[in-house]
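Participant: First the structure, which I've put down as structure tokens, then a few questions once you've had a look.
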Amino acid sequence: MMAKRCTDILLAPRPRKTKRIDINSCRSRFLLPYIPDEVMFDVLLRLPSKSLMRFKSVCKAWHAMISSPIFINAHLEWSKLKPSSLLMAPGFYQKQKNGQNIAFLMGLYKYQGGNNNVVHLHDFPRDFPQVLDTWTRPVHCDGLLLVSNMSKKMIIYNPSTREIVVSLPKGSRNLHKGTGIGFGFDPRSSKYKVARVFYQRDDKTSMLVCKFEVLTLGTINVWRQTEDPPYPIGKSTPVHVKGAIYWMVSRTSLCPDPPNTLVRFCLTDEKFSLFPCPCNVKPSCLTGLGDELYCGYFFSQPLQLEIWGCSVVGQKPEWTRRCALQIPPDVIKRPVASPLVVFHGKMLLLALKKVYKYDIQACKLEKIPLVVEDFMCYDRENNMYQTYSKKEVLTSWKTYICHANTLGHIIHY
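With full-length UniProt numbering as the guide, the letters of the sequence shown map in order to residues 1 to 413.
So this is what it looks like as structure tokens:
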């Protein structure tokens, strides 16, 4: 009898040895260690706004922390400790076939100071109202821009996240050309408020009367009418300083000889008061930096610019002349009301077509290189976007300024 070979015998497979997996060891290997909330708060606080907007989607705990009012206020205070930057949104006027001028925003430009040039930051999104109201300049607060377009639509734009934060409802009907808009922060309620000037006819006298209304962001977004301003305002761009908005008195038929005073609107109690001007002369322009209000005066023959500053603390303000400079005739042909900003010990003087910086200590005026690229804007007649070059945009242009310690600030809704 032939014996079977070992290879012919079907052997049962050997049972495999099962390796026991320690679940606890895997968890300890892949899970992050516990980080106290205080440490995570301090880490997130140092990040820019754009990164924080992304990190809100990491987990519910981070979303709640970043969205909390405590974190928002702390992030703003932390941003103030960083080197300041300057955001500029150039606006160009273009003459239409009907002879009217239409203003366009050209995107955002950034200036860091020193010997740096003005660099292009980014363009506005397509749904941004680039066709602006030629009579209304953008205003800003904590790095947020408030812009009004030709159809009187107002939006708040965050340059850091490149998002339209909120679209505001239309206010009361205005019978005056242009709308005076103010934008500021109420320290008592920790809310941003939008103030709007409009004119209506009086039922008895049929005269135009200056009216005022306020909208508090983060609420039901409804305009509330307040008391009337003591004098006509709204033609000049207002300035927000430390919980109040300041206007220059407008010359109208109701007020042909306006007083040399400023109209102050407190965002906390929503009341008006008068704020005296330096030198008992109406300023050419207003600007704010930190907790101080600045007035600029243009004098001719020879052309000279004076800057007066005042701390807005107390009932009796004390104005101090900060600097005075002679302006060369090739910079400004005639006195105009241009925005002024004090920045890193330097003052930026914006002319009609060029940007200059003035070193107060060295008494030196220098031109800042600014190259405006081709831009796209919406053509209402053809219902399409068109690209315009610098040669196609006519004559004068004005530069809107946003002084920001950070490129934007988180706003909670």
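C-beta atoms are modelled at their ideal positions from N, C-alpha and C, and glycine is treated no differently.
Keep in mind it's a predicted model, so treat the numbers as computed, not measured.
(1) Where do the ends of the beta strand (DSSP E) carrying methionine 154 lie?
(2) When burial is assigned at 16 or more other CB atoms within 10 Å of the CB, is leucine 274 buried or exposed?
(3) Measure how close the beta-carbons of phenylalanine 111 and leucine 86 come, nearest whole angstrom, since I'm counting them as under 8 Å.
(4) Classify tyrosine 231 as buried or exposed, calling it buried when 16 or more other Cβ atoms lie within 10 Å of its own Cβ.
(5) Whole angstroms are fine: how far does the CA of leucine 303 sit from the CA of tryptophan 223?
(6) By the 10 Å Cβ neighbour count, where 16 or more other Cβ atoms means buried, how is glycine 290 classified, buried or exposed?
(7) Take every Cβ of the segment 163-177, pair it with every Cβ of the segment 198-213, and state whether three or more of those distances are shorter than 8 Å.
(8) Counting along the chain, where does the beta strand (DSSP E) carrying arginine 201 start and finish?
(9) Any idea what DSSP makes of glutamate 318, helix, strand or coil?
(10) In three-state DSSP terms, what is isoleucine 35?
(11) Throw me the rounded Cβ distance for the glycine 243 and aspartate 186 pair, which I believe falls under 8 Å.
(12) Quick one: grab the DSSP three-state call for lysine 60.
(13) So for asparagine 149, helix, strand or coil by DSSP?
(14) Applying the criterion that 16 or more other CB atoms from any shown protein chain within 10 Å of the CB defines a buried residue, is isoleucine 21 buried or exposed?
(15) Apart from the five residues on each side of it in sequence, which residues of its chain come closer than 8 Å, Cβ to Cβ, to leucine 45?
(16) What do you get for arginine 251, buried or exposed, if any count of 16 or more other CB atoms within 10 angstroms of its CB means buried?
(17) My parser needs the beta strand (DSSP E) runs of 3 or more residues fully inside the segment 223-304; what are they?
(18) Have a look at the DSSP bridge pairing and note the partners of glutamate 77.
(19) With burial defined as no fewer than 16 other Cβ atoms inside 10 Å of the residue's Cβ, what is the status of arginine 321: buried or exposed?
(20) Relative to the alpha-carbon of proline 259, which residue among Val249, Phe265, Cys266 has its alpha-carbon at the smallest distance?
(21) Which term fits valine 39, buried or exposed, when burial requires 16 or more other beta carbons within 10 angstroms of its beta carbon?
(22) Of the residues Asp203, Cys295, Ala195, Ser189, which one's Cα is nearest the Cα of valine 147?
(23) So what's valine 43 in DSSP terms, helix, strand or just coil?
(24) Over the uninterrupted alpha helix (DSSP H) stretch that includes serine 49, give me the two end residues.
(25) For asparagine 158, does the count of other Cβ atoms within 10 angstroms reach 16, so buried, or fall short, so exposed?
(26) Could you tell me whether the Cβ of aspartate 142 comes closer than 8 Å to any Cβ of chain B?
(27) Should cysteine 323 and isoleucine 360 be called a contact, given that it needs their Cβ atoms to be closer than 8 Å?
Facilitator: Walking through what the data contain:
(1) 154-158
(2) Leucine 274 comes out exposed.
(3) First, the residue type needs correcting, since residue 111 is tyrosine and not phenylalanine in the sequence shown. About 4 Å; that satisfies the 8 Å criterion.
(4) buried
(5) One C-alpha to the other measures close to 43 Å.
(6) exposed
(7) yes
(8) 191-201
(9) coil
(10) coil
(11) 6 Å
(12) helix
(13) Three-state DSSP puts asparagine 149 in a strand.
(14) Low local confidence applies: a pLDDT of 46 at isoleucine 21 is under 50, so the model's placement there is unreliable, with the coordinate-based value given in what follows. Looking at its Cβ environment, which holds fewer than 16 other Cβ atoms inside 10 Å, isoleucine 21 is exposed.
(15) Phe71, Ala74, His75, Trp78, listed in sequence order.
(16) With fewer than 16 other beta carbons inside 10 angstroms of its own, arginine 251 counts as exposed.
(17) Runs of the beta strand (DSSP E) inside the segment 223-304: 239-241, 244-248, 261-266, 271-276, 285-289, 292-299.
(18) DSSP lists no partner for glutamate 77.
(19) exposed
(20) It is Val249 whose Cα lies nearest to the Cα of proline 259.
(21) exposed
(22) Ala195
(23) Assigned with DSSP and collapsed to three states, valine 43 falls in helix.
(24) Its alpha helix (DSSP H) spans residues 49-55.
(25) buried
(26) Judged by its chain identifiers, the structure shown contains no chain B, having just a single protein chain.
(27) yes
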